[in-house]
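Asker: So that we are looking at the same thing, I have put the structure below in structure tokens.
Protein chains: 2
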Amino acid sequence: MNGLLTDLYELTMAAGYFEAGKAAEKATFELTVRRLPEHRNYVLAAGLPQAVDYLLNLSFTAEELDYLRGLQQFRNVRPEFFDYLRDFRFTGDLFAVPEGTPLFAGEPMLVVRAPIIEAQIPETYVLAAVTFPTLVASKAARCVEMAAGRPVVEFGTRRAHTAEAGTLGARAAYIGGCAGTSNVLAGMRYGIPVMGTAAHSWVMSFPGEAEAFRQLQKVLGESTIQLLDTYDAIEGAKRVAQLGKPLWGVRLDSGDFIDLSKRVRAILDGAGLTDARIMASGDLDEYRIRDIVRAGAPIDSFGVGTQLATSYDAPAMGAIYKLVELDIHGIKRFTAKYSDDKNSVPGAKQIFRDVARDVLARSGECGKGEALLRPVILGGQLVEPLPSVNEARRRAAESVAKLSPALRELEVAEPRAVIESRELRMLIEQTRRNLLA
Amino acid sequence: MNGLLTDLYELTMAAGYFEAGKAAEKATFELTVRRLPEHRNYVLAAGLPQAVDYLLNLSFTAEELDYLRGLQQFRNVRPEFFDYLRDFRFTGDLFAVPEGTPLFAGEPMLVVRAPIIEAQIPETYVLAAVTFPTLVASKAARCVEMAAGRPVVEFGTRRAHTAEAGTLGARAAYIGGCAGTSNVLAGMRYGIPVMGTAAHSWVMSFPGEAEAFRQLQKVLGESTIQLLDTYDAIEGAKRVAQLGKPLWGVRLDSGDFIDLSKRVRAILDGAGLTDARIMASGDLDEYRIRDIVRAGAPIDSFGVGTQLATSYDAPAMGAIYKLVELDIHGIKRFTAKYSDDKNSVPGAKQIFRDVARDVLARSGECGKGEALLRPVILGGQLVEPLPSVNEARRRAAESVAKLSPALRELEVAEPRAVIESRELRMLIEQTRRNLLA
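Taken in sequence, the protein lines are chains Z and W.
The numbers in the working numbering rise by one with no breaks, and the one at position 207 of the first sequence is 207.
Just remember that the working numbering sits 437 ahead of the position in the second sequence, which is counted from 1.
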């Protein structure tokens, strides 16, 4: 399953490793946050279950192998390689930072250690599987922070890069602190609260707005959220006020939220609907939420769509998946890339998180604080069930709360200190000398 | 299948339509490009097969219905509604602009006409299914235009919002004019040429670069593309020159492409490797490709990843899915949204594309030029097989070639004229008068 869901070069390299007699060499690859995405002071790790699922199920069907055999790039490859792929399964190890952990530039999120072909092929899929949810969780945390206690609901599946990505994005947004999602499949699959009641089409499908509002109350009762702005938000609010309960609240989806929410609040209060909530949605992001909250607008919750589901202002992150060491029949060789602007750091690592700083150490070292990279798969077997989405969400909330106030602001701040241990620095120097000798 | 892959409000509205006795009303929804994405003079329609697949297979499993029944939002809903969903299938019509067609602000890409519940539920999925490929195809067309005949290859699956999105993105990039993709599954599934040979890890896994290059030649023969910049691109080029053939070419993945490519070309030519190609990849987009081509750099092909797979500078587009008319037991009612900043246009439409302008007309009208919206599904049945990905690619190339030179530049130009027909203007006025009366 999913054997071909990768870049061709992973498979041509696999053939090359096989033909060069390297199939038994054990490789360690690290998936590292090379740079933080634009406008971010940290990222929140997410997407681990999807990467694990992939590794545990990665295989090749007969049809996939036939396709590969027909490609000119595999013309010189011996049939034994396709036999190897037919029997392929991941037998290696995966170490990972738990979902919901903040990470900074230079820190590895995953470490894959396996025979080199098994560690190489997953590069493409695993990068996509973890970077997208990580971006969404990070963006969600910013929105939630700025909402200052008001619930933020994820509404973005329609803008996600496929509806499936929307479902995974909803999960990530929940980890980042969102209160729920509009995506029903995410609700069922991950146990996330689902929210939403009606769109403009609902209102438009009735001859008049009052009739539309009444019918919605009949079906949804106390879950009813009336959408005000199909024709005129203030007129809409007056109609809601006339109808009274049952009502959870109202939603504004366009216009000047600060001004409209105050006027709508007054109308609702005037009708005794003081416990009806006002939700705002439509082109919201963390900056607009901050403005709205600072202005004291009486908005009780926010629906965020496009900006969350696509991580709009940072739709990709510079994560890399690099070979850091090889174990060739018991002899270790450390590897790094040393071209101009895109270096990598040799050797398997561990991150030790202390109160004020992180230390990037060699994997065998002892350090102060929490060791972030933990075994997840050993010898192709899951070590223990992964933490639930609610545990990941809790971890995110607790970890973000411990970050310095500046890192939790929207503006880019002085980065958190990430320091290389003495042993790691020595390894870097030694590897550079060896390689560039 | 996929019944829950939607926003909750589609299903609460479905329940509401059902309870309000509206299930037999026939609705027409249009999926329209409200605004062009940032930095775009047109978009290239793509993603239609995924939307069609969804509509033809949309259904609800027993497990999904159980989940819905348990939600508090459905507490007041009669069991008959869940019986309705159990038997649900799409029995309506879909009209669509063929893949590879340029579209402009205000133009509908799809029209769905069906009993209102069947037309409402697909909103979320269908929006995601067509907007993401449309964004990627549009971005690809810009890169291809700037590459001025040099092949552009899509390399972005690792940066896509899930690897599956990468596969669909690869297809869209091909429609937009890319020569191929690194995504092997896209190659098998859609018959797209696949490309790629080796990454830095290949070079790093050998004790020396020369050995890595030699081993790659052994496996890949004339398909060999040597990656030069693991340690030092110029030294890498000298090693390639020493080794000679077999060789397809070399790849630069970092550094100053303009300077490096000239020096590498000289080294290759000096060794008689005049037919070895130079490929560039790494942080490329249409602007950098334009700079490289204008500078006369001897680069023969471009690999574009992140920027294509995420449509990085425009990761979402303002497409809407709006109710435009209802047929209630033979009586038509036209609908529109009239709040401040987000209006919609009533009535089912057709686009007539003439040489210099497009006319947005009512669906029954006759017009000059090509009628872009064509029947795809009628009565729940596919009318005829969809055009192949190669036909869509050809249509894109021919259509883009007919656009004015200004629209094909990277800078935002005077928009192409999209004019409402007299009949449509009359309908807009009449509907507004009725609704706001």
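All C-beta atoms in this analysis are idealised placements derived from N, C-alpha and C, irrespective of residue type, glycine included.
Note that this is a predicted model, so its numbers are computed, not measured.
1. Three or more C-beta pairs under 8 Å: does that hold for the region 532 to 542 of chain W against the region 468 to 480 of chain W?
2. Could you have a look at Z/K238 and say whether DSSP puts it in helix, strand or coil?
3. Taking C-beta pairs closer than 8 Å, name the residues in chain W that Z/M195 reaches, listed in chain order.
4. Which residues of chain W have a Cβ atom closer than 8 Å to the Cβ of Z/N76, listed in chain order?
5. Within the same chain, show all residues whose beta-carbon is closer than 6 Å to that of Z/A309, passing over the 5 residues directly before and after it, in chain order.
6. For Z/P315, which residues in chain W fall below 7 Å Cβ to Cβ?
7. Return helix, strand or coil for Z/G303, following the three-state DSSP convention.
8. With a cut-off of 8 Å on the beta carbons, I'd call W/I468 and W/Y775 a contact; round off their distance for me.
9. Return the bridge partner residues of W/M716 from the DSSP annotation.
10. Quick one: what's got a C-beta closer than 7 Å to W/A578's C-beta in the same chain, skipping five residues either side?
11. When DSSP builds the beta bridges, which residues end up paired with Z/K218?
12. Specify whether the region 268 to 288 of chain Z and the region 223 to 242 of chain Z touch according to this definition: at least 3 beta carbon pairs, one from each stretch, less than 8 Å apart.
13. Report yes or no: do the region 143 to 153 of chain Z and the region 116 to 129 of chain Z share at least 3 C-beta pairs separated by less than 8 Å?
14. Sort W/A551, W/S748, W/A585 by Cα distance to W/V761 and report the nearest one.
15. Cβ of W/Q744 within 7 Å of Cβ of Z/A20?
16. Would W/V567 and W/G484 be called neighbours here (beta carbons separated by less than 7 Å)?
17. Among all the DSSP beta bridges, which residues are the ones paired with W/P842?
18. Rounded to whole angstroms, what is the Cα-Cα separation between W/L445 and Z/V184?
19. Any beta carbon from chain Z within less than 7 Å of W/A875's own beta carbon?
20. Is the shortest distance between the beta-carbon of W/F519 and the beta-carbons of chain Z less than 7 Å?
21. What does DSSP give as the partner residue(s) for W/S496 in the beta ladder?
22. Would you say Z/W202 reaches chain W, if we count a Cβ-Cβ gap shorter than 7 Å as a contact?
23. Excluding five sequence neighbours on each side, which residues of the same chain lie with their C-beta closer than 8 Å to the C-beta of W/Y454?
24. Using a Cβ-Cβ cut-off of 7 Å, state whether Z/T335 counts as contacting chain W.
25. Which stretch, first to last residue, makes up the beta strand (DSSP E) that contains Z/A271?
26. Measure the CB-CB distance between Z/A361 and Z/G367 and report whether it falls below 7 Å.
27. What span of residues does the beta strand (DSSP E) with Z/R362 cover, start to end?
28. For Z/A417, which residues of its own chain have a beta-carbon under 6 Å away from its beta-carbon, when the five flanking residues on both sides are left out?
29. W/L657: beta carbon under 6 Å from a heavy atom of the ligand MN?
30. Please classify W/K769 as buried or exposed, where buried requires at least 16 other C-beta atoms within 10 Å of its C-beta.
31. Could you compute how far the alpha carbon of W/A609 sits from the alpha carbon of W/T571?
32. Rounded to whole angstroms, what's the CA-CA distance from W/R862 to W/A753? Just pull it up for me.
33. Going by DSSP, what residue range makes up the beta strand (DSSP E) through Z/Q490?
34. So, is Z/H329 buried or exposed, given that buried needs 16 or more other C-beta atoms within 10 angstroms?
35. In angstroms with no decimal places, state the Cα-to-Cα distance between W/F497 and W/R526.
36. Among the candidates Z/D232, Z/L247, Z/W202, Z/F257, whose CA atom is the shortest distance from the CA of Z/G221?
Answerer: Per the coordinate set shown:
1. yes
2. helix
3. L445
4. K655, V656, L657, G658
5. G156, R159, A160, G166, G169
6. T747, Y749, P752
7. strand
8. Per the sequence shown, the amino acid found at residue 468 of chain W is Leu instead of Ile. About 20 Å separates the two Cβ atoms, so there is no contact after all.
9. W/R688, W/S738
10. L481, G613, G614, A833, V837
11. Answer is none; Z/K218 lacks a bridge partner.
12. yes
13. no
14. W/A551
15. no
16. yes
17. According to DSSP, W/P842 bridges with nothing at all.
18. 5 Å
19. No statement about residue 875 of chain W is possible, as the shown extent of chain W runs from 438 to 874 and does not include it.
20. no
21. W/N439
22. yes
23. A460, E462, I553, I554, Q557
24. yes
25. No beta strand (DSSP E) holds Z/A271; DSSP gives it neither H nor E.
26. yes
27. 357 to 362
28. R357
29. In the structure on display, the ligand MN does not appear, and there are no ligands present to speak of.
30. exposed
31. 7 Å
32. 29 Å
33. With chain Z covering 1 to 437 only, the question about residue 490 of chain Z has no answer from this structure.
34. exposed
35. 9 Å
36. Z/L247
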